[in-house]
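Residue numbers (the working numbering): -16 to 304.
Note that beta-carbon positions come from the ideal geometry of N, C-alpha and C, so glycine has one too.
The structure is reproduced here in structure tokens:
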């Protein structure tokens, strides 16, 4: 049994996040919910989860809590909410998807807070979106025919925090501009050699609240004109990120031959990308030889620097990386 004093016991009035391998003592005279199980005990209980877990009250909030909450200064309210709603790691679409009846990590806590009082729900939404970093990334999808062009262009909702943008493209379609790309989407279902990717971005309804973004690509992924169309739109408030303060572009791009280097520069050179916020562009070009097409390390380094020069940020970061 842990040696903590019973005086350290907490009464759960709001969802409370407990880190893995950390022990908390809980007053459970009123029911609490832990991992979907309701618990009630006449004595204090010790909770030591193996992984990060949320303890939530099972009963509606009473007048005692409401009176106490009203007395807290706004700054302290925000700190209390941030403890449960802000994660040190970026939030991705995978982390925000429904997993059975439960959500992962801080997204679980967001749902609990949205079901409390109108004031707490509004503050929780603001804290969740303004203080977390949200990840943008592509994921692969199985080849399929999508007949509805609106579905291709506008995307489908994954849940109420992330939505998807479908990019159907053929081998070698790197060099097109935005109009050519959209034209291709309209004929994409007829392509004989077709691939599909899904681009996950935060829901547009909350885009104006988001302050920090991370765009990352996985090893072995290559970039097409669609990526730079999206980057250009984002830099010009195309997705509603009007309050964005910082963005990190962390990209690994696969290079098969020298032509890929020229196409990569051409994608950016058409419309240089100028973000109005602070940011950083980390670019790594990965050479995968294709039919004895030689690409030297100096070719990769020179092209990477050229592309990075064409993506700019108008403000400097206040914090160090």
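C-beta contact flag for residue 278 and residue 238 at 7 Å: Along the chain shown, read from residue 1 onward, the residue named residue 278 stands at position 295. Along the chain shown, read from residue 1 onward, the residue named residue 238 stands at position 255. For residue 278 and residue 238, yes; Cβs fall inside 7 Å.
Unbroken alpha helix (DSSP H) run spanning residue 1, endpoints: If you number the chain shown from 1, residue 1 lands on position 18. Residue 1 -> not in any alpha helix (DSSP H); beta strand (DSSP E) instead, spanning -1 to 1.
Residue range of the unbroken beta strand (DSSP E) whose run includes residue 22: Taking the chain shown and counting its residues from 1, one reaches residue 22 at position 39. Counting along the chain, the unbroken beta strand (DSSP E) around residue 22 starts and ends at 20 to 22.
Cut-off 6 Å between Cβ atoms - residues of its own chain near residue 223, not counting five sequence neighbours on either side: Here the question's residue 223 lines up with position 240 in the chain shown. Cβ neighbours of residue 223 beyond the five flanking positions: 187, 190, 191.
DSSP state of residue 193 mapped onto helix, strand, coil: Sequence index remark: in the chain shown, residue 193 carries index 210 (1-based). Here residue 193 sits in coil by DSSP.
Whole-angstrom distance between residue 216 and residue 193, CA atom to CA atom: Stepping through the chain shown from its first residue, residue 193 is reached at position 210. Stepping through the chain shown from its first residue, residue 216 is reached at position 233. Going from the Cα of residue 193 to the Cα of residue 216 covers about 16 Å.
Three-way DSSP call (helix, strand, coil) for residue 270 in this model: Looking up residue 270 in the chain shown gives position 287. Under the three-state reduction of DSSP, residue 270 is assigned to strand.
Residue 263 - partner residues in DSSP beta bridges: Here residue 263 corresponds to residue number 280 of the chain shown, with the count starting at 1. Note: residue 263 sits in a beta bridge opposite 231.
Secondary structure of residue 305, DSSP reduced to three states: This structure gives no information on residue 305, because the portion of the chain shown stretches from -16 to 304.
Length at least 4, wholly inside the region 234 to 259: the alpha helix (DSSP H) runs in chain order: 241 to 252
Cβ neighbour criterion (16 or more within 10 Å) applied to residue 184: Reading the chain shown from its first residue, position 201 is the one you call residue 184. Label assigned to residue 184: buried.
Residue 113, DSSP secondary structure in three states: Here the question's residue 113 lines up with position 130 in the chain shown. Note: residue 113 maps to helix in three-state DSSP.
Status (buried if at least 16 other CB within 10 Å, exposed otherwise) for residue 95: Indexing the chain shown from 1 puts residue 95 at position 112. Buried: at least 16 other Cβ atoms inside 10 Å.
Burial state of residue 74 (16 or more Cβ within 10 Å): If you number the chain shown from 1, residue 74 lands on position 91. By the 10 Å Cβ count, residue 74 comes out buried.
Assigned secondary structure, residue 46 (DSSP; H/G/I helix, E/B strand, else coil): Within the chain shown, the letter at position 63 stands for residue 46. In the structure shown, residue 46 adopts helical secondary structure according to DSSP, grouped into three states.
DSSP-derived helix/strand/coil call for residue 10: Within the chain shown, residue 10 is the residue found at index 27, counting from 1. Strand, per DSSP.
Residue 281: first and last residue of the uninterrupted alpha helix (DSSP H) it sits in: Within the chain shown, the letter at position 298 stands for residue 281. Run containing residue 281: 280 to 292, per the alpha helix (DSSP H) assignment.
Beta-carbon separation (whole angstroms), residue 4 vs residue 31, contact threshold 8 Å: By one-based count along the chain shown, residue 4 stands at place 21. By one-based count along the chain shown, residue 31 stands at place 48. So it is a contact: roughly 7 Å between Cβ atoms.
Closest by C-alpha distance to residue 251, when choosing among 281, 57, 213: On the chain shown, position 268 is the one that residue 251 refers to. Of the candidates 281, 57, 213, the one whose C-alpha sits nearest the C-alpha of residue 251 is 213.
Three-state secondary structure assigned by DSSP to residue 15: Residue 15 sits at position 32 when you count from the first residue of the chain shown. Three-state result, residue 15: strand.
Nearest-angstrom Cβ-Cβ length linking residue 199 and residue 233, presumed shorter than 8 Å: Residue mapping note: residue 199 aligns to position 216 of the chain shown, counting from 1. Residue mapping note: residue 233 aligns to position 250 of the chain shown, counting from 1. Residue 199 to residue 233, Cβ: 5 Å. Contact.
Exposure of residue 134, with buried meaning 16 or more beta-carbon neighbours within 10 Å: For the purposes of this step, residue 134 is taken as the residue at position 151 of the chain shown. Bear in mind that the predicted position of residue 134 carries a pLDDT of just 32, short of 50, making it unreliable; the figure below should be weighed with that in mind. By the neighbour-count rule (16 or more Cβ atoms within 10 Å), residue 134 is not buried but exposed.
For residue 297 and residue 265, believed in contact at Cβ under 8 Å, the rounded distance: Taking the first residue of the chain shown as position 1, residue 265 is located at position 282. Taking the first residue of the chain shown as position 1, residue 297 is located at position 314. That belief does not hold up - the Cβ atoms of residue 265 and residue 297 are roughly 19 Å apart, past 8 Å.
Residue of 100, 68, 104, 102 minimising C-alpha distance to residue 116: By one-based count along the chain shown, residue 116 stands at place 133. Selected option, being the one with the closest Cα: 68.
Local Cβ density within 10 Å of residue -2, reported as buried at 16 or more and exposed below that: Walking along the chain shown from the start, residue -2 turns up at place 15. Flag for residue -2 reads buried.
Check whether residue 294 and residue 236 have beta carbons under 7 Å apart: For this step, residue 294 is matched to residue 311 along the chain shown. For this step, residue 236 is matched to residue 253 along the chain shown. No, the pair does not count as a contact, with Cβ atoms beyond the cut-off.
Reduced DSSP secondary structure (H/G/I, E/B, other) of residue 30: Against the chain shown, residue 30 aligns to sequence position 47. Looking at residue 30 - three-state DSSP - the assignment turns out to be strand.
Chain-order list of residues whose beta-carbon lies under 8 Å from that of residue 33 (same chain, five-residue window excluded): Locating residue 33 in the chain shown gives position 50, where the first residue counts as 1. Once the five neighbours on either side are set aside, the close Cβ partners of residue 33 are 3, 4.
Residue 159, buried or exposed, once every other Cβ within 10 Å from all chains shown has been counted against 16: Position 176 of the chain shown, counting from 1, holds the residue named residue 159. Because residue 159 sits at a pLDDT of 36, beneath the cut-off of 50, its placement in the model cannot be relied upon, and the following sentence gives the value as read from the coordinates. By the 10 Å Cβ count, residue 159 comes out buried.
Classification of residue 29 by the beta-carbon crowding that lies within 10 angstroms, buried from 16 upward: Working through the chain shown from its first residue, we reach residue 29 at position 46. Exposed is the call here.
Contact set for residue 107: own chain, Cβ-Cβ below 7 Å, skip 5 residues either direction: Here residue 107 refers to the residue found at position 124 when the chain shown is read from its first residue. Closer than 7 Å at Cβ, skipping near neighbours: 64, 68, 93, 96, 97.
Close Cβ partners of residue 228 (< 6 Å) along its chain, the five nearest in sequence each way excluded: The sequence position of residue 228 within the chain shown is 245, counting from 1. Around residue 228, the same chain offers 194, 260 as residues with beta carbons nearer than 6 Å, after the five sequence neighbours per side are excluded.
Spatial neighbours of residue 18 in its chain, beta-carbon cut-off 7 Å, leaving aside the 5 residues before and after: Within the chain shown, residue 18 is the residue found at index 35, counting from 1. Its chain contains 36 as the residues whose beta carbon lies nearer than 7 Å to that of residue 18, once the 5 sequence neighbours on both sides are disregarded; these appear in chain order.
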